[in-house]
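If you're matching them up, the sequences are chains A and B in order.
Residue numbering for the first sequence follows our numbering, beginning at 1 and increasing consecutively.
Residue numbering for the second sequence follows our numbering, beginning at 51 and increasing consecutively.
Positions of the beta carbon are idealized from the N, C-alpha and C atoms, including for glycine.
The structure presented is a predicted model; accordingly, all values stated were derived computationally and were not measured.
A short worksheet on the structure shown next.
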Amino acid sequence: MNPLPFIIGAYGVILGGLGVYVAWLWRRLAAARAELDAAPPAHDAEHDGA
Amino acid sequence: MRTRILGWVALLAVIAASLNALFLVPADLNQGDAQRVMYIHVPAAWLAYLSFGVTALAGIGWLWRRDLRLDWLAHAGAEIGVMFTAFTLWAGAMWGRPVWGVFYQWEDPRILSTTILLALYVGYLLLRRLTDDPIRRANRAAVVGIVAALDIPIVHFSVEWWRGLHQAPTIGSPARILDPAAPDLFVRALLAMVAAFTLLWLYLMVRRYQLARLHAAADEAARRGSLAAARAAADPGIPDVRTAQPPEPAR
């Protein structure tokens, strides 16, 4: 049996999967930073009416 | 900046170690080129153990110290560990088909216990979604993360405790650390892959931890924002900080 497709399958899926995961992680990080930037300032909210 | 440098170093190390494993190391005498899958299968399994070990230890730490940063670390370990466990099973299937003649065998203790490990930590991640209360979520997750980690030694020693298709450890057992059952060239290539993937794991853990910290900060900001809105609704005399305009400067 020719092992080449299995070697390509193993390395391709794992290295490709890691690339996809890193991209997904970066995207979630950017979204979380944007969400935090859009939130009301914590300092004002904490001291409102004080 | 340091995390970014770590990411680049890890990327270059993974590329170099993979090229070495794929093209420079000679093929195995018995298994031929199919054995090259071992160089990515073993690091994936090691990092699955490491990730879930971190999750369990951070869970113990959370129950002891009540520091939410440990829960963020546990969450990072579980998510990354699930990915590496899936990679381990996938690479095992890609290695098993040309060598054993099957992709997967339910009767094999190593394969089955690894599948159970994957299912346990997928359950851990699903459990975390059941509540938005960070304390309750951390408590539940810590208990499940610790109990699930009991499967790690079962996975590791299953090849010594029971008979199955899976081979015994080449270098991973105490008796073989100093006397591996493989040529030095193969062992060095494997250790290079393990080191490179561990660097990448470290980078992923740092980034995933940062994400958990940002989510916690965003949740806290949203909670404070809704608290301020509720106060403003209860007492219109208190300005809503989200819509209030800054006062005119004194002329």
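Residue i by DSSP, collapsed to three states: which one?
i, result
"residue 82 of chain B", "strand"
"residue 144 of chain B", "helix"
"residue 167 of chain B", "helix"
"residue 218 of chain B", "coil"
"residue 46 of chain A", "Note that residue 46 of chain A scores a pLDDT of 48, beneath 50, so its modelled location is shaky and nothing firm can be said."
"residue 108 of chain B", "helix"
"residue 158 of chain B", "coil"
"residue 180 of chain B", "coil"
"residue 246 of chain B", "helix"
"residue 151 of chain B", "coil"
"residue 233 of chain B", "coil"
"residue 255 of chain B", "helix"
Short of 6 Å in beta carbon distance, which residues of its chain neighbour residue i, apart from the five on each side in sequence? Order them along the chain.
i, result
"residue 105 of chain B", "124, 127, 128 and 195"
"residue 218 of chain B", "209"
"residue 46 of chain A", "For residue 46 of chain A, the predicted structure reports a pLDDT of 48, less than 50, and the residue's modelled location is therefore unreliable. The matter cannot be settled from this model."
"residue 53 of chain B", "256"
"residue 67 of chain B", "242, 243 and 246"
Taking 8 Å as the cut-off, decide whether the C-beta atoms of residue i and residue j are in contact.
i, j, result
"residue 169 of chain B", "residue 134 of chain B", "no"
"residue 141 of chain B", "residue 94 of chain B", "yes"
"residue 303 of chain B", "residue 187 of chain B", "No answer is possible for residue 303 of chain B: the residues shown for chain B start at 51 and end at 301."
"residue 154 of chain B", "residue 161 of chain B", "yes"
"residue 259 of chain B", "residue 56 of chain B", "no"
"residue 25 of chain A", "residue 264 of chain B", "no"
"residue 114 of chain B", "residue 121 of chain B", "no"
"residue 60 of chain B", "residue 199 of chain B", "no"
"residue 18 of chain A", "residue 250 of chain B", "yes"
"residue 145 of chain B", "residue 91 of chain B", "yes"
Using only CA atoms, which one of the options lies nearest to residue i?
i, options, result
"residue 1 of chain A", "B:158, B:138 and B:150", "B:150"
"residue 3 of chain A", "B:88, B:107 and B:67", "B:88"
"residue 214 of chain B", "B:83, B:163 and B:102", "B:163"
"residue 34 of chain A", "B:281, B:268, B:273 and B:232", "B:268"
"residue 192 of chain B", "B:110, B:90 and B:103", "B:110"
"residue 165 of chain B", "B:183, B:190, B:204 and B:182", "B:204"
"residue 78 of chain B", "B:239, B:248 and B:281", "B:239"
"residue 102 of chain B", "B:183, B:83 and B:174", "B:174"
"residue 118 of chain B", "B:197, B:284, B:266 and B:281", "B:266"
"residue 131 of chain B", "B:283, B:96, B:84 and B:281", "B:96"
So residue i contacts chain B; which residues on that side make the cut at Cβ distance below 7 Å?
i, result
"residue 32 of chain A", "261, 264, 265 and 268"
Ignore the nearest five residues each way along the sequence and tell me which others in residue i's own chain have a CB closer than 7 Å to its CB.
i, result
"residue 136 of chain B", "168"
"residue 212 of chain B", "159"
"residue 72 of chain B", "86"
"residue 216 of chain B", "158, 160, 161 and 209"
"residue 81 of chain B", "149"
"residue 181 of chain B", "187"
How would you list, in chain order, the residues of chain A whose beta-carbon sits under 7 Å from the beta-carbon of residue i?
i, result
"residue 272 of chain B", "39"
"residue 137 of chain B", "14 and 17"
"residue 90 of chain B", "10, 11 and 14"
"residue 51 of chain B", "Ordered by position in chain A, no residue passes the 7 Å Cβ test against residue 51 of chain B, which lies about 15 Å from the chain."
Quick one: list the residues of chain A neighbouring residue i, beta-carbon separation under 9 Å, in chain order.
i, result
"residue 140 of chain B", "9, 10, 13, 14 and 17"
"residue 56 of chain B", "In chain order: nothing, as chain A lies at least about 13 Å away."
"residue 133 of chain B", "17, 18 and 21"
Could you work out which residues of chain B lie near residue i, taking near to mean beta carbons separated by less than 8 Å?
i, result
"residue 28 of chain A", "261"
Here's a check: name, in chain order, each residue in its chain whose Cβ is nearer than 8 Å to the Cβ of residue i, leaving out the five neighbours to either side.
i, result
"residue 235 of chain B", "75 and 76"
"residue 156 of chain B", "162"
"residue 49 of chain A", "Below a pLDDT of 50, predicted positions are generally treated as unreliable, and residue 49 of chain A, at 44, falls in that range; no measurement from the model is reported."
Taking residue i as the query, report the chain A residues whose CB atoms sit under 8 Å from its CB, ordered along the chain.
i, result
"residue 68 of chain B", "11 and 15"
"residue 250 of chain B", "18"
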